[in-house]
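Presented below is the structure to which this report refers.
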Amino acid sequence: MREAVVEAVLDLAAIVPPGRVLSYGDVAELLDVGGPRLVGRIMSLHGDAAPWWRIIRANGSLPDELMERAVVHYRREGTPLAAPAAGPAKVRMAQARWMPQEEEFAAIERLRRKVSEATDGMGA
DNA sequence: AGGATGACATTAC
DNA sequence: GGTAATGCCATCC
Numbered sequence: 162m163r164e165a166v167v168e169a170v171l172d173l174a175a176i177v178p179p180g181r182v183l184s185y186g187d188v189a190e191l192l193d194v195g196g197p198r199l200v201g202r203i204m205s206l207h208g209d210a211a212p213w214w215r216i217i218r219a220n221g222s223l224p225d226e227l228m229e230r231a232v233v234h235y236r237r238e239g240t241p242l243a244a245p246a247a248g249p250a251k252v253r254m255a256q257a258r259w260m261p262q263e264e265e266f267a268a269i270e271r272l273r274r275k276v277s278e279a280t281d282g283m284g285a
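All the letters of the first sequence, read from the start, carry residue numbers 162 to 285 under my numbering.
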């Protein structure tokens, strides 16, 4: 069910440590869901129910309006930002990209499995 | 069924 | 270091 996916995505966003980020694609891969676009869609609908600024584009950017709001959080959390030549700032993915440790991986694995059994075992 | 859309990703230039 | 073209997956008309 989509709800299960939504839950998992929001849940994952919630366990991303402050100062760190994940790309939409990372989330999609960690949870083994359709793809980046689906994750983006979910965030657009339910992003306000989670630390949405920790789920960003693979190149460390976000839509301009969102980035304006996100930068506030980044400064507060100490997220590595790139010096913007022009326009809104960008996150340094190389530095900020979250690498889950084994224990955290286990939690993610649980989420992924939950989604899997929800999306898989339907209809039949 | 066919086509357009979206908080995207990758590759090529 | 950019922008442009293609590919992606799920949804909605």
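Note that the Cβ used here is the ideal one computed from N, Cα and C, for glycine as well.
Cβ shell of MET254 (< 6 Å), same chain only, five flanking positions each side left out:
The residue labelled residue 254 in the question sits at position 93 within the first sequence. Excluding positions up to five away in sequence, the list reads GLY221.
Determine the contact status of GLY195 and ALA219, defining contact as a CB-CB distance below 8 Å.
Within the first sequence, numbered from 1, the residue matching residue 195 stands at position 34. Within the first sequence, numbered from 1, the residue matching residue 219 stands at position 58. No, the Cβ-Cβ distance between GLY195 and ALA219 is not below 8 Å.
Leaving out five residues before and five after LEU272 in sequence, what residues of the same chain have Cβ atoms less than 7 Å from its Cβ?
Sequence index remark: in the first sequence, residue 272 carries index 111 (1-based). Excluding positions up to five away in sequence, the list reads ALA169, ASP172, LEU173, LEU192.
Quick one: is PRO261 buried, meaning 16 or more other Cβ sit within 10 Å of its Cβ, or exposed?
By 1-based counting over the first sequence, the position of residue 261 is 100. Buried, because 16 or more other Cβ atoms sit within 10 Å of the Cβ of PRO261.
Nonlocal neighbours in the same chain, by C-beta distance under 7 Å from PRO179, ignoring five residues either side
As a working note, residue 179 is residue 18 in the first sequence. Closer than 7 Å at Cβ, skipping near neighbours: GLU238.
Using 10 angstroms around the beta-carbon of VAL177, count the other beta-carbons present and answer buried if the total reaches 16, otherwise exposed.
For the purposes of this step, residue 177 is taken as residue 16 along the first sequence, with counting starting at 1. It counts as buried.
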